[in-house]
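Accompanying notes for the structure given below.
Protein chains: 2
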Amino acid sequence: MKHHSETTIHDIAKKLNISASTVSRALNNNPLISRKTSELIKKTAAEMGYRPNVLAANLRTKKTKTIGVIVPLINRHFFSSVISGIEDIAYQSGFTVTISQSNDLLEKESYIAHALFANRVDGLIISIGMETKEYSHLQLFSERGIPLVFFDRVVDEIEANKIVVDDFGGAFKATKHLVGQGCKRIAHIGGPLNLNIYRNRLGGYKAALEESGFEIDNSLVLQTSLTREDGANSAKQLLQLPDAPDAIFCANDTTALSAITHFKDIGKKVPEEIAIVGFSNEPFSEVVTPSISTIKQPGFQMGQKAAELLLNQINGFNAKQFETFVMPTELVVRESSRKLKDCPEAVN
Amino acid sequence: MKHHSETTIHDIAKKLNISASTVSRALNNNPLISRKTSELIKKTAAEMGYRPNVLAANLRTKKTKTIGVIVPLINRHFFSSVISGIEDIAYQSGFTVTISQSNDLLEKESYIAHALFANRVDGLIISIGMETKEYSHLQLFSERGIPLVFFDRVVDEIEANKIVVDDFGGAFKATKHLVGQGCKRIAHIGGPLNLNIYRNRLGGYKAALEESGFEIDNSLVLQTSLTREDGANSAKQLLQLPDAPDAIFCANDTTALSAITHFKDIGKKVPEEIAIVGFSNEPFSEVVTPSISTIKQPGFQMGQKAAELLLNQINGFNAKQFETFVMPTELVVRESSRKLKDCPEAVN
DNA sequence: GATATTAATGCAATCGATTGCAATTTCCAT
DNA sequence: ATGGAAATTGCAATCGATTGCATTAATATC
């Protein structure tokens with residue numbers, strides 16, 4: 615008789631004078647086992663305080679019921695929303711979620727990816743970091759057939775399911791909206807162009823201008839890292855132009871806010887003298903003064919969708935080819951850009 | 615010859631005509647193995663693209679190098695900050711972090727705890743949900759000697775290391791500050807008292823009033839769920855009192871903001887007519903107008919500390935008894951409560 | 001050069017569950 | 001009863017690494 619802490623299926627088997635395989639099958643609801651013994655086994659297991667050793671099962675089945683998630687920074691509203699959505703779906707399917715942040719560092723991202731791989735996650739959901747221009751750590755997954763889903767910041771070079779927001783459409787709507795409010799010179803404070811999302815936002819901006827019959831003035835298009843400082847500096851820089859803009863479409867809300875703050879500081883009126891639209895609908899955008907018009911991204915839903923896709927792949931329901939899902943964006947019109955009274959609050 | 619995907623230590627052993635145990639030891643830098651063979655083994659392992667199967671090792675060693683984290687909601691600034699801090703430290707020690715959210719539901723919290731337990735996490739870090747008044751799912755851990763660290767919302771009934779913020783001190787400072795600004799009737803919008811944090815904030819508020827020679831007027835002390843609606847409703851309710859307050863200390867920033875918004879709507883001036891202080895320093899507090907005075911909690915550092923404590927316990931360095939660490943808070947004075955010009959911006 | 005030490009390596013059991021295949025039991029129809 | 005299909009159950013290998021103990025090789029001692 616062993617007297618160590620955990621009871622195993624063998625302990626149960628011994629007690630009932632049956633084989634461990636029968637116990638295992640019964641506990642897994644295998645229909646081969648008769649109703650009677652099955653119930654007896656479950657009852658005994660409960661009595662003995664049996665807890666399956668997931669590790670052993672994982673080793674044998676080569677599955678972990680765990681999915682890995684890598685984001686640049688957990689502590690950012692959009693990403694934590696997505697994580698929340700992923701966790702929500704995973705939980706419903708009995709999957710565990712392991713979350714790591716890359717801090718936008720390629721080295722860390724790579725290390726984490728390898729660690730998750732070594733830990734045999736059943737799948738990976740990732741939004742790549744700013745530095746990531748090399749993908750061997752991700753090919754690891756695609757090559758070995760481990761389901762991989764990208765969201766938001768995706769990699770064109772790797773075939774996989776991808777969830778992106780309609781950055782192009784959002785930027786297009788934002789810019790069109792500014793045009794509709796009567797703005798004539800619309801600037802853009804953009805982000806690093808190695809990331810698809812910022813390329814697309816720039817693209818939407820340009821397309822809207824062209825469709826509206828405006829020429830694209832490159833002095834009005836700034837490429838930044840989208841930090842708070844970048845917002846203020848860009849605002850300053852744009853005002854110093856000989857022909858200053860009367861509107862700015864910012865690639866995120868952070869720069870929109872710091873630009874607005876700068877304008878407030880120097881007494882320039884928003885939106886009367888300069889209208890602003892941001893991107894992402896950060897929690898603060900609604901509550902600052904003036905409130906910031908922005909593009910709403912369905913973070914939670916993206917997470918849910920990403921998790922659904924991943925789980926489908928894990929369960930082998932991936933009959934179709936890989937797809938790229940574009941999540942709709944919504945323009946939320948607030949004070950920072952509302953110059954006309956009859957402007958609707960939201961545009962899908 | 616096997617031709618399945620992954621190479622194992624046995625494959626390496628066979629190739630070099632040595633035993634698997636030697637390979638295992640060499641790869642784990644066991645000093646028993648001679649330098650020469652050790653290097654040869656590592657070289658060969660690399661050539662063969664060997665990747666250790668963590669699952670097998672885990673099964674054998676009964677360790678997973680994984681720590682579980684349960685928070686009420688990932689998508690909230692304070693919690694995601696803490697998670698970020700935990701992940702930071704865990705990463706440095708080669709630990710993986712598995713994160714789940716309870717959504718403040720006891721049932722889900724319990725389910726998750728059991729799942730993490732079944733997955734044999736080496737330790738658990740948790741901030742309990744609003745509903746949690748029964749702790750069997752946590753005693754599971756403490757009883758089986760699995761390291762457990764509480765943060766923020768802790769359980770008094772379970773002995774463990776705990777990290778809390780100095781809610782009492784923060785509330786005390788906030789209230790004292792209002793007194794210092796000349797406020798005479800200071801109200802409190804508080805949270806559910808089954809959570810230690812809200813009990814302590816209430817306690818700090820009362821202590822500060824008493825020390826200042828004020829009497830505690832229970833009509834000025836509201837207990838709410840601290841939602842946005844609660845903030846507005848409470849504000850309304852307080853104003854309708856025969857002897858309305860001239861200041862409110864709110865137990866979180868959300869209610870502070872919605873109270874302020876309500877006051878703005880009805881034309882009551884903040885802070886001139888009514889001063890407000892919140893709690894938590896949400897990102898929006900700094901950027902709204904008026905900006906909200908609040909108590910800053912070191913979320914990231916709390917996470918780091920929690921992870922350090924847990925790792926120490928896991929590694930058996932827990933010589934001392936369990937301790938409760940109180941993280942310092944800081945009063946950040948902003949527009950919503952600054953009535954006097956010479957008021958300092960921050961108070962530790 | 002024989003023996004005592006120490007350094008390296010190998011053997012084989014173990015962690016706990018899963019599963020293909022074989023063996024046994026049960027149940028029916030004849 | 002009896003043959004045989006169908007329903008249950010058991011055997012034993014397997015997943016891949018770890019580790020106490022035994023064994024062999026290398027080095028030291030006299």
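Protein sequences, first through last, are from chains A and E. Its first residue numbered 615, the first sequence is counted upward by one per residue in our numbering. Its first residue numbered 615, the second sequence is counted upward by one per residue in our numbering. Each residue gets a CB set at the ideal place from its N, CA and C atoms; glycine is no exception.
- Within chain E, the residues S698 and E701 have their CB atoms less than 7 Å from the CB of Q715 (chain A), given in chain order.
- Against chain E, a Cβ distance below 9 Å from P666 (chain A) picks out A732.
- Straight-line measurement puts the Cα of S750 (chain A) at about 27 Å from the Cα of I700 (chain E).
- Taking C-beta atoms as the reference points, V779 (chain E) and T903 (chain E) fail to come closer than 7 Å.
- The DSSP-derived three-state label of M662 (chain A) is coil.
- Setting aside the 5 residues that flank it on each side, I713 (chain A) is surrounded in the same chain by V683, I688 and I697, each with a C-beta closer than 7 Å to its C-beta; the list follows chain order.
- Nearest to A865 (chain A) by alpha-carbon distance, out of A:I803, A:G930, A:V735 and A:L762, is A:I803.
- Close to chain E, meaning a Cβ-Cβ distance shorter than 7 Å, are the following residues of the stretch 895-907 of chain A: P897, F898, V901, V902 and T903.
- In the three-state DSSP reduction, A920 (chain A) falls in the helix class (H, G or I).
- For secondary structure counted as the beta strand (DSSP E) over 3 or more consecutive residues, the stretch 758-801 of chain A holds these complete runs in sequence order: 762-765 and 775-779.
- Only residues of its own chain outside the window of five on either side were considered, and among them I626, K629 and L630 have a CB closer than 7 Å to the CB of T658 (chain E), listed in chain order.
- Here Q851 (chain E) carries a helix assignment [DSSP, helix/strand/coil].
- Taking H876 (chain A) as the centre and dropping the five residues before and after it, the same chain places the C-beta of A846, A849 and K850 closer than 7 Å to its C-beta, in chain order.
- Of the candidates E:S950, E:K676 and E:T622, E:T622 places its Cα closest to the Cα of I655 (chain E).
- DSSP places V711 (chain A) inside the beta strand (DSSP E), whose first and last residues are T710 to Q715.
- By the Cβ test, the stretch 908-921 of chain E is not in contact with the stretch 912-921 of chain A, since fewer than three Cβ pairs between them sit closer than 8 Å.
- Interface with chain A (7 Å Cβ-Cβ cutoff): L754 (chain E) is excluded.
- Interface residue (Cβ-Cβ distance to chain A less than 7 Å): I830 (chain E) is not classified as such.
- Nearest in C-alpha terms to L792 (chain E), of all of E:L945, E:H624 and E:G663, is E:L945.
- DSSP places F863 (chain E) in no alpha helix (DSSP H) but in the uninterrupted beta strand (DSSP E) bounded by A861 to C864.
- Considering only E:E771, E:L738, E:F755 and E:I760, the residue with the shortest C-alpha distance to E748 (chain E) is E:E771.
- Residue-level contact by beta carbon holds for N689 (chain A) and chain E, with a gap shorter than 7 Å.
- Given a length threshold of 4 residues, each whole run of the alpha helix (DSSP H) inside the stretch 869-948 of chain E is given here in chain order: 897-901 and 913-928.
- The C-beta of N847 (chain A) comes no closer than 7 Å to any C-beta of chain E.
- Boundaries of the beta strand (DSSP E) harbouring I681 (chain A): T680 to V685, taken from the DSSP string.
- Taking the CA atoms as reference points, I740 (chain A) sits about 19 Å from N929 (chain A).
- Against chain A, the beta carbon of S694 (chain E) has neighbours under 7 Å at I688, N689 and S694, listed in chain order.
- Taking C-beta separations shorter than 7 Å and ignoring five residues to either side along the sequence, the partners of A774 (chain E) in its chain run S756, L762, V763, F764 and F936, following chain order.
- Between G818 (chain A) and F786 (chain A) the beta-carbon gap is near 4 Å, inside 8 Å, which marks them as a contact.
- Here the stretch 880-892 of chain A lies against the stretch 946-958 of chain A, with 3 or more beta-carbon pairs under 8 Å apart.
- If you check the CB distance, N814 (chain A) and F782 (chain A) come in under 7 Å.
- At a beta-carbon threshold of 9 Å, the residues of chain A lying near L673 (chain E) are N667, L669, A670, N672 and L673, ordered along the chain.
- Judged by their CB atoms, A788 (chain E) and F693 (chain E) are not nearer to each other than the 7 Å cut-off.
- In this structure, A:E896 is the residue among A:P912, A:Q911 and A:E896 with its C-alpha nearest to the C-alpha of S905 (chain A).
- For T869 (chain E), no CB of chain A lies under 7 Å from its own CB, so it is not counted at the interface with that chain.
- In this structure, L809 (chain A) keeps its C-beta atom at 7 Å or more from the C-beta atom of N672 (chain E).
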